[in-house]
Structure formats: C-alpha cells, structure tokens
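*Asks:* When the sequence shown is numbered by this note's numbering, its final residue is 1889 and no position is left out of the sequence of numbers.
Structure below; questions to follow.
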Amino acid sequence: MAKKNFFKKILVTSSIFLTISSNAFASDKPENVQLAQKQEVTLGMGSESNSYDPNLCSTHECTIVLVNLFETLTQIGKDGKPEPAAAKSWDISSDHKVYTFHIRKDANWSDGKPVTAEDFVYSWQRLVAPQTSSEYSYFLGLGNVLNADDIMNGKKKPSELGVKALDQKTFQVTLSKPTPFFISMTSQINLAPLPKEIVEKFKSKWVKAQNIVSNGAYTLSEHVLNEKFVLKKNPKYWDSKNVHITKATFLPLVESSEYKLYAADNLDMTYTVPVDLISKIKQEYNDQFRATPGLKVTYFGINVKKPALDKVDVRKAITIAINRDAIAKQLLNGAALPAYSLVPNNVDNYKPFKPDYASWSQEKRIQVANELLKKAGYNQQNPATINLLYNTADVNQKLAVAIQAMLQQSLPVKVKLDQMEWKSMLAQRSQRDYGLLRMTWIGDFNDPSTFLANWTTGNAQNDAQWSNKDYDNLFAKSFETEDQEKRKDLFYKMSELIAKDVPAMPVFYGLNTHLIKPDLKGVMSNPLDIYYVKDMYKVKTN
C-alpha cells in the first residue's frame, strides 16, 4: 500500500515564507483489493509503559499506542520523513525561526469539539513546566523553541514559551535559532495537543478509558493493566471515512508469548520476534517476517557515581572486553549489528565513529582490559563488583547473562544481575540505583542530536549522571550552524568524548523485526518503527 504523500513547496509572492502542504489521508488501499468483512486487528506492544499521558510518555511502547489516539502536527511517513497530520500545512519564515501551522478546519476531538491552536499551546507549555516532571521536558529546548530551556530550569514561566495561537486554527512557534530538523520533531507524541478541560478536571486519571478525549483516528475503549488496550475507530476523526480498521487490541507481551499467540493465529502482528527463533521463523514464516534497518541502539548506561564505575579505567575495561560480534551474530542470530557508538551508522548527517579497539582482536581487548583494571587497583583477590539492571524480556535476560559471562570469565570482575518488570526498573532508574542499566534508545527523529542530547549535563535521560563541559559546548555548537559537514565533525568529536569518558557502553544496533499476517496490509515500515493502525486494512483470503 502506497500512502499518498504529495508534498508541494511553494514560495509565496512576498518571498518571506515557505509554505508546505499535502494531501495526507489514512489507508489508501488499491482499488482491486477486496476487504475482509471483519476489520479488527490484534497487535503486540511490548511491555506496559510508565504513562499514557502524551506529555509523560517516554518509551516506544506507549508511543505506538498513543499515536493512534492522538494526532500531532505532523506524522512519520514511510521514509521516516514528516508528513502533514493535524496541521494541513505550515509556513516557514525566511530566517527559519518562525513556523506557522495551519490546523485542519475539520480536526475535532472525539467529543466533537474542534481541535484548536490553544490545545497545542496548552500541551507544549505543560510539557516544559517543571511541575509536570516529564522526562521529555528537554525536547522543546532541543528544538530551540524560544525560552524552553529557561522555563525547564525555573527561570521563566511556561506562558513565556515561544508558542501562541494566532487564531483558533493557526498555531505559531518561534525558535531562538534556526533548527534544520525542527519539523521532524513535530511528529513526537509528547507534542500532541491536549484537551485542557479534561486534563484539569480528572488530573492524573484523565487518560482512563472513561475520561479520555482524543483527536486521533481511534478512541480508548478499554485498558486492563498488563492485559490489553482496546482502541475503537473514532467517528469524529477528520479522515474517518478512509480508516478501515474498526477495532485494534494491543497486548503487552514478552517475545516468547507473542510468538506463541502469533503461531496460534491469535495475533496479527508482533511487536518484535524472539532472536533465538529467527532461523526457524525464516523457514516457517519467511513471507510474513519483516526485518528493516532501524534507528535504535541498545546500550548499558554506566552510573559514574557508583563505586568501581566511578573510575574511568574500569568503565573502559568492561566496555573494551565485550565481544559485540558474538552478541550480534550468535546471541541475536544476525538480527543486529555491533555498536561502538551511541549513534547508528544509518542516521542522517552522521560520520560513523569507531574507537581503536573496534579493530583489535578479542585477545588484545581482554589483555588491555585487564591492564586497565590492574591500574585501577583490581585483581582476582580484589575484583570490581558491579550491579547490572535490566527489565524482564527473553532477549534482555540472554544479553545480561552473556555480558556477565564475558566479564567474569576474562576479568577480575563480579557482576550481579538484577531483573525487574519495566515499571519497577524505571523507578529504580529514576533513583539512580544501579551500576549498569540496559536500555534501548530509538531516535525520535532522524538526526544525531536525538541520540547525543541525552548525555548533556542535566538532561533528564542522562542516567549516567555524567557531565563534560567540552561535550556540552560541542553539542551547543551543533545548533549554531546549518552546515551539515560542520555538524558531522562536531557529532564525531562528541562520539570521541563518549568513548574517552565512557558514560555508556553501546552494544548493538537493532533491526525493526515483526511478524505480520498475510491478510493484514498497509503496515508502514520506517526507520523509527512507528506504524499507524489507520493505514492498515485486512483483505479477504481464500
């Protein structure tokens, strides 16, 4: 299924603004396809998330549910580029600092009220407000929205954010400096409009099925914790006539349970696939198996304040000693690539970085790692003790056990494994109570900054509690130029600093892997692994 994506770039006669618009619709099925009578889908969604409030969502799991309930200004297209969504078009000023979005006249909330520019103003101000305590409060600062950083740091009021409603359907954003990837950021679920009246009436319970009001293609019918999310088609959605799936059920499942349900024909699409079954899956479900390059990196955040890990030589030693090739090729059955940088090699405007040890033999890596630990004061009689925290999932457990074995068998290191359910792990993470923390970061948009911002001083995602002024300065400079070659050099130097100080241990770059039933069509593939149920439809089968 090819989604309609006819972008036009028109310079208006005054030459002051660049106007971008599109005819973007929901599912655009071929005319000769016969639809199945029952248009319902059941999809895997990974683990339950920390929150389903768009401003508070911080995981891919909550994102893939929320993008079907809420519509942002733009949405992610098949190639990972932004397409018009709640905004039908936008104008960009000649200095690239003012963006004026024209919200669709027929965009409505599920209760029938119109979606307005004020709904976006309210949401964006709420996101950066310190009292909201969003892990994505930094996001608008990353996009250089005027005063965002000062508001987040308590120096200015949320009302001073560079956003305003020019009228009911015109939303304007002012940046402090040109930001080449700003439009790409506007598809982020944290920037969805919010119904102020509902949010303030029901407080933290506004996202409950009985209270929530949404502006996306679907409404929330039911949420049973750790069991299911049930979404139903929203008749008030502006493009409802082109939405075919009437009901979507998301199931929070680990990989092995997903696969069993899929094999029993009780699941239309998996969130991922068990890596130890990839060979079998390719044999039995080859035409249903999809693996595409993703913008994702799995790494271990290193708490630089913890004993042993507060020594850079210890951090370097454990990072060097990991056999990434064995993890990618054997443990993950080729469903990943070895990672030596926190930025995937296929990210736009990035010059791939590899440290010197990437070209060494494994024997040399072990030798150097032992020398570093000896220098730091550790040996077999006095091993370094490290706690490794990870969330419950089949592949995570296998990875943790592999890392433990690699370190303990080759180095004077003792690794204690600590497994938790996702929500419990997030709570422990917020308290910085760990040594190594297994995480996967999926880019919010296609630019190196979405991977490197996390490691700036004070960033809410900076689990390592690492701070480096040179790094912060390089990151700031990357926003002071629109010359992509200069930005590449700056990002490269930032990757060098991370390799030098080691606040994180990159392990592998993941592929987007799914099993999809033959009768389910319109499942979009993009590097960010975001898919919209409104694009999907089921066809008749013999």
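Using N, Cα and C, we set each Cβ at its ideal position, and we do this for glycine too.
Can you tell me which of Y1878, I1877, L1875 and K1868 puts its alpha carbon nearest to the alpha carbon of Q1386?
*Replies:* Here the closest residue by C-alpha is K1868.
*Asks:* In or out: G1509 buried (at least 16 other Cβ within 10 Å) or exposed?
*Replies:* Buried is the call here.
*Asks:* Enumerate in chain order the residues of its own chain whose CB-to-CB distance from V1690 is below 6 Å, with the five nearest sequence positions on each side excluded.
*Replies:* Here the set comprises Y1697, P1795 and F1798.
*Asks:* How big is the Cα-Cα spacing for A1705 and N1562?
*Replies:* In a straight line, the C-alpha of A1705 is about 48 Å away from that of N1562.
*Asks:* Would you say L1821 and Y1781 are within 8 Å of each other, going by their C-beta atoms?
*Replies:* Against a cut-off of 8 Å, the Cβ pair of Y1781 and L1821 comes out as no contact.
*Asks:* With the cut-off set at 8 Å, would you say W1813 and P1865 are in Cβ contact?
*Replies:* For W1813 and P1865, no; Cβs fall outside 8 Å.
*Asks:* Give a yes or no on whether the C-beta atoms belonging to V1762 and L1754 are separated by under 8 Å.
*Replies:* Result yes, Cβ atoms of V1762 and L1754 sit closer than 8 Å.
*Asks:* I need the straight-line Cα distance from C1404 to L1382, nearest angstrom please.
*Replies:* Those two C-alpha atoms are separated by around 34 Å.
*Asks:* On a CA-only basis, which of D1695, A1716 and D1514 is nearest S1531? Give me that one, please.
*Replies:* For the residues D1695, A1716 and D1514, the minimum Cα distance to S1531 belongs to D1695.
*Asks:* Distance check for Y1879 and I1665, CA to CA, integer angstroms please.
*Replies:* Rounded to whole angstroms, I1665 to Y1879 spans 40 Å at the Cα level.
*Asks:* With the cut-off set at 8 Å, would you say N1873 and G1427 are in Cβ contact?
*Replies:* Their beta carbons are under 8 Å apart, which means N1873 touches G1427 by this criterion.
*Asks:* Suppose the cutoff is 7 Å on Cβ atoms and the five residues either side in sequence are ignored; what does the same chain contact list for I1536 look like?
*Replies:* Counting only Cβ-Cβ distances below 7 Å, and skipping sequence neighbours, we find P1401, C1404, T1410, L1413, V1414, F1417 and T1419.
*Asks:* Under DSSP, the alpha helix (DSSP H) around S1777 begins and ends at which residues?
*Replies:* S1777 -> alpha helix (DSSP H) spans W1769 to S1777.
*Asks:* Take the Cβ of P1759 as the centre, count every other Cβ of all protein chains shown within 10 Å, and call the residue buried at 16 or more, exposed below.
*Replies:* Result: buried.
*Asks:* Looking at the structure shown, is N1859 part of a helix, part of a strand, or coil, going by DSSP?
*Replies:* Reduced to three states, the DSSP call for N1859 is strand.
*Asks:* When we look at the beta-carbon of V1492 and count the other beta-carbons within 10 Å, is it buried (16 or more) or exposed?
*Replies:* V1492 should be labelled buried.
*Asks:* One question on the structure: do A1464 and F1529 come within less than 8 Å of each other, judged by their Cβ atoms?
*Replies:* No, Cβ-Cβ distance for A1464 and F1529 is not below 8 Å.
*Asks:* Indicate whether the contact test is met: 3 or more Cβ pairs, each with one atom in the segment 1564-1577 and one in the segment 1446-1454, closer than 8 Å.
*Replies:* Verdict: no, contact absent.
*Asks:* Hey, could you find the ends of the beta strand (DSSP E) S1568 is sitting in?
*Replies:* Y1565 to V1571 is the extent of the beta strand (DSSP E) around S1568.
*Asks:* How would you call P1505, buried or exposed, if buried means at least 16 neighbouring beta carbons within 10 angstroms?
*Replies:* Buried is the call here.
*Asks:* Is the beta carbon of I1649 closer than 8 Å to that of M1852?
*Replies:* Closer than 8 Å, so yes.
*Asks:* Measuring CA to CA, which of D1819, Y1839 and A1682 is closest to L1858?
*Replies:* It is A1682.
*Asks:* Between the segment 1535-1554 and the segment 1467-1487, do three or more beta carbon pairs fall short of 8 Å?
*Replies:* At 8 Å Cβ cutoff, the stretches touch.
*Asks:* What are the boundary residues of the beta strand (DSSP E) that includes N1738?
*Replies:* Start and end: A1731 to N1738.
*Asks:* Helix, strand or coil: how does DSSP classify V1762 here?
*Replies:* Three-state DSSP puts V1762 in a strand.
*Asks:* Below 8 Å on the Cβ atoms is my contact criterion, and I expect L1487 with L1474 to pass it. Report the Cβ-Cβ distance as a whole number of Å.
*Replies:* Between L1474 and L1487 the Cβ distance is about 7 Å, and since that is below 8 Å, they are a contact.
*Asks:* Quick one: grab the DSSP three-state call for T1666.
*Replies:* Three-state DSSP puts T1666 in a helix.
*Asks:* The beta strand (DSSP E) spanning F1518 covers which residue range?
*Replies:* From DSSP, the beta strand (DSSP E) with F1518 extends over T1517 to T1521.
*Asks:* Evaluate the contact criterion for the segment 1637-1645 versus the segment 1773-1789: three or more CB pairs, one atom per stretch, below 8 Å.
*Replies:* Cβ pair count under 8 Å is three or more, so yes.
*Asks:* Here's a check: name, in chain order, each residue in its chain whose Cβ is nearer than 6 Å to the Cβ of Q1422, leaving out the five neighbours to either side.
*Replies:* Closer than 6 Å at Cβ, skipping near neighbours: E1430, A1432 and S1534.
*Asks:* Within 10 angstroms of the Cβ of V1601, are there 16 or more other Cβ atoms? Answer buried if so, exposed if not.
*Replies:* The residue in question, V1601, is buried, as its Cβ has 16 or more Cβ neighbours within 10 Å.
*Asks:* CB-CB under 8 Å to Q1635, same chain, minus the five flanking residues each way: which ones, in chain order?
*Replies:* So the qualifying residues of the chain are L1862, I1863, K1864 and P1865.
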